[in-house]
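Each protein sequence line maps, in turn, to chains A and B. Counting in the working numbering, the first sequence runs from 5 upward without gaps. Counting in the working numbering, the second sequence runs from 5 upward without gaps. The beta-carbon is built from N, C-alpha and C at its ideal position, and this holds for glycine as well. Worksheet: the structure to be examined is printed underneath.
There are 2 protein chains.
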Amino acid sequence: MNEFELIDEIIKTLGDVTLGDSVVIGPGDDSAAFRVPPGQLLVSSIDTLVEGVHFPQGAPGDLIGYRALMVSLSDLAAMGAQPAMVLVALTLASADVEWVTSLARGLRDAAQTTGVRIVGGNITKGATAINVSVHGFAPEESLLRRSGASPGDGIYVTGELGGAAAALARGDLLEFGDDLDALASRYFRPQARLDVGVELRGIASSAIDVSDGLLQDLHHLATNSAVAMAIETESLPLCPGASLEDALWGGDDYELCFTAVTELPTLSVPVARIGVVERGEGVWLDGKRVSPAGFQHFSGV
Amino acid sequence: MNEFELIDEIIKTLGDVTLGDSVVIGPGDDSAAFRVPPGQLLVSSIDTLVEGVHFPQGAPGDLIGYRALMVSLSDLAAMGAQPAMVLVALTLASADVEWVTSLARGLRDAAQTTGVRIVGGNITKGATAINVSVHGFAPEESLLRRSGASPGDGIYVTGELGGAAAALARGDLLEFGDDLDALASRYFRPQARLDVGVELRGIASSAIDVSDGLLQDLHHLATNSAVAMAIETESLPLCPGASLEDALWGGDDYELCFTAVTELPTLSVPVARIGVVERGEGVWLDGKRVSPAGFQHFSGV
């Protein structure tokens with residue numbers, strides 16, 4: 005099977021997630037073409053998942069496809085953007101048609117869940133990796149940024165923390181096959197908080213998604229907003245099975261961490277208040293300053 | 005140097021190509037945000053260059069950065085789109101700061117040459133590869149597609165063919181350092197035909213960029229337009245130093261190949277008429293049908 009036949013297989017598997025009223029040109033030309041609603045900004049991010057680094061070698065394709073798309077969409081959620089379309093560039097060590105169509109099924113499922121369209125991509129040979137470039141829309145005045153937190157704002161996090169790290173720590177990520185238990189699901193089937201991101205427009209003063217680990221990501225908010233972030237361990241919403249360490253340092257949760265000055269309205273997922281923004285700098289845990297050291301790919305290199 | 009310090013170095017090197025009136029949020033948040041002109045479609049493509057596959061191991065970073073951006077922008081040229089912004093995802097085997105800042109200089113040079121803004125990216129560890137997601141704008145009615153060629157249209161190609169393949173065939177791609185000769189420049193410093201793409205709006209009936217090899221790319225035009233493409237070897241504009249084989253089968257030229265029913269106006273680069281669109285199917289060279297077999301990454305796998 006050559007490159008072009010493999011692409012045809014993928015497009016066939018993706019089915020109607022490549023189509024939509026806004027898709028003027030989908031897969032199969034030099035570029036895709038997409039309609040942008042008037043008055044909206046284009047909100048864009050790119051992410052790479054490398055085999056052996058971001059997912060275990062031998063992981064089922066559908067889980068990796070699902071995870072790759074959700075992880076990338078999480079960056080749109082953190083901006084309060086509505087997902088619109090994605091491009092997927094696959095680098096493949098071999099043309100394993102079965103694995104690749106399984107990957108396409110995972111991408112399709114995540115696209116169906118979130119409503120995003122998969123409008124184009126690329127395929128090439130090399131060490132297996134999945135690159136996803138995600139694009140959404142948001143009105144300029146309601147973008148959620150990392151800057152904007154002010155002293156006195158509450159610090160909040162959606163859902164539960166540490167589940168993905170706890171799953172990784174067990175070291176048996178691949179034993180479940182398609183029958184994932186609760187912890188393995190936290191790793192393989194993260195849910196980008198897209199609805200909450202949109203709900204937080206006009207409410208959150210700053211926001212980030214928890215991808216590198218809570219403390220690391222709080223550090224980004226603190227730096228970009230030029231404030232200190234003070235959190236209390238006892239208020240952290242631990243995922244059942246996760247340790248405090250998992251919740252503080254583990255990455256891959258893809259919850260939203262945000263600040264807000266106002267009382268929160270009822271949101272579509274549970275939210276915990278974990279601390280308060282203060283004058284100063286850095287991240288403070290139970291009154292003690294902690295240095296950022298989440299998941300840094302080149303740490304110490 | 006950790007991941008975030010490396011990102012800071014890259015952003016510093018990129019300088020003002022990350023900025024612009026249309027850039028609402030550049031590098032440093034969860035996503036970038038960009039203004040889209042009213043009445044324009046978003047035209048988007050993604051490309052990956054893998055070390056050892058698409059560029060030689062040990063190649064100077066600035067050449068690779070330049071090439072990666074130009075190669076990706078070539079897909080916008082083939083649509084007649086005006087380049088607007090790009091996202092760059094780097095996968096790096098090691099945090100070689102010197103090589104990475106050199107790569108950033110190459111990206112910056114290509115961005116300055118074309119006017120595109122580099123608004124965001126990602127960096128991760130793994131086998132070295134560069135992913136570029138490119139985005140431009142075009143009015144819906146003037147998109148150049150692969151479909152649209154009709155019997156009787158002339159077939160044209162910009163510039164000269166085969167130079168990059170001839171450079172590759174010499175096997176001494178890295179001996180020049182920064183002092184490239186004409187052939188090595190064809191490989192390392194391709195020029196995306198962005199101006200010509202825009203000039204061809206309303207003129208070309210179909211278009212593609214010559215990335216996989218002329219015959220392969222003509223095959224795409226023939227298939228998407230449901231016609232036959234008949235070309236004459238004696239009319240092919242060979243790059244000095246390139247063989248006919250290089251021009252027909254070699255990839256990496258990044259010229260535009262297009263069809264048009266009308267006389268061509270004067271364009272900003274030389275254009276050669278290489279054949280004519282006919283009823284039927286496939287690609288015909290001097291009256292003989294040729295099967296497509298350009299650069300197929302998984303050929304025979």
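When 9 Å is used as the limit between beta carbons, residue 144 of chain A is near these residues of chain B: 28, 37, 39, in chain order.
Residue 69 of chain B is positioned such that its CB atom lies no closer than 8 Å to that of residue 130 of chain B. With 16 or more other Cβ atoms from the protein chains shown falling within 10 Å of its own Cβ, residue 255 of chain A counts as buried. Taking 7 Å as the upper bound on Cβ-Cβ separation, chain A lies near residues 79, 80, 82, 83, 85, 91, 93, 95, 98, 99 of the stretch 75 to 103 of chain B. With 16 or more other CB atoms across the displayed protein chains lying within 10 angstroms of its CB, residue 112 of chain A is buried. Following the DSSP letters along the chain, one finds residue 229 of chain B inside the alpha helix (DSSP H) bounded by residues 218 to 229. Beta-bridge analysis with DSSP links residue 213 of chain A to A:260. Under DSSP, residue 288 of chain A shares a beta bridge with A:234, A:293. In the three-state scheme derived from DSSP, where H, G and I count as helix and E and B as strand, residue 65 of chain A is classed as helix. Here the stretch 27 to 42 of chain A makes contact with the stretch 143 to 151 of chain B; the two share three or more CB pairs at distances below 8 Å. The shortest CA-to-CA distance from residue 60 of chain B to any of B:119, B:251, B:177 is the one to B:177. Under the three-pair Cβ rule at 8 Å, the stretch 157 to 165 of chain A counts as touching the stretch 243 to 259 of chain A.
Counting only residues of its own chain and dropping the five nearest sequence neighbours on each side, residue 117 of chain B has no CB closer than 6 Å to any other CB. Here residue 29 of chain A is bridged, per DSSP, to A:37. Counting along the chain, no alpha helix (DSSP H) covers residue 185 of chain B, and no H or E run does either.
In this structure the stretch 148 to 162 of chain A lies against the stretch 210 to 225 of chain A, because at least three pairs of beta carbons, one per stretch, are closer than 8 Å. Within chain B, not a single residue places a beta-carbon under 7 Å from that of residue 250 of chain A; the smallest gap is close to 21 Å. Excluding sequence positions up to five before and after residue 79 of chain A, its CB lies within less than 6 Å of the CB of 49, all in the same chain and listed in chain order.
For the C-beta of residue 158 of chain A, not a single chain B residue is nearer than 8 Å; the gap to the nearest is close to 20 Å. By a beta-carbon distance limit of 8 Å, residue 54 of chain B does not contact residue 168 of chain B. Their separation comes to about 17 Å. Residue 135 of chain A has its alpha-carbon roughly 16 Å from the corresponding atom of residue 34 of chain B. In this structure, residue 90 of chain B sits away from residue 65 of chain B, with a CB-CB distance that is not shorter than 8 Å. DSSP lists no bridge partner for residue 106 of chain A.
For residue 201 of chain A, the enclosing alpha helix (DSSP H) covers residues 198 to 203. Using a Cβ-Cβ cut-off of 8 Å, residue 107 of chain B does not count as an interface residue toward chain A, since no Cβ of chain A sits closer than that to its own.
Partner residues in the beta bridge of residue 59 of chain B, as assigned by DSSP, are B:55. The beta-carbon of residue 212 of chain A is placed less than 8 Å from the nearest beta-carbon of chain B. Within the stretch 132 to 190 of chain B, the complete alpha helix (DSSP H) segments at least 4 residues long are 167 to 174, listed from N- to C-terminus. Proximity of residue 62 of chain B to chain A, defined by a Cβ-Cβ separation below 8 Å, is not satisfied.
Around the beta carbon of residue 121 of chain B, 16 or more other beta carbons sit within 10 angstroms, so the residue counts as buried. Between residue 31 of chain B and residue 125 of chain B, the C-beta gap is smaller than 8 Å, which places the two residues in contact. Between residue 263 of chain A and residue 160 of chain A, the alpha-carbon positions lie close to 6 Å from each other.
Rounded to whole angstroms, residue 25 of chain A and residue 19 of chain A show a C-alpha spacing of 15 Å.
A check of alpha carbon separations from residue 280 of chain B across B:294, B:231, B:270, B:271 identifies B:231 as the nearest. In this structure, residue 242 of chain B keeps its C-beta atom at 8 Å or more from the C-beta atom of residue 234 of chain B.
In the structure shown, the three-state DSSP call for residue 276 of chain A is strand.
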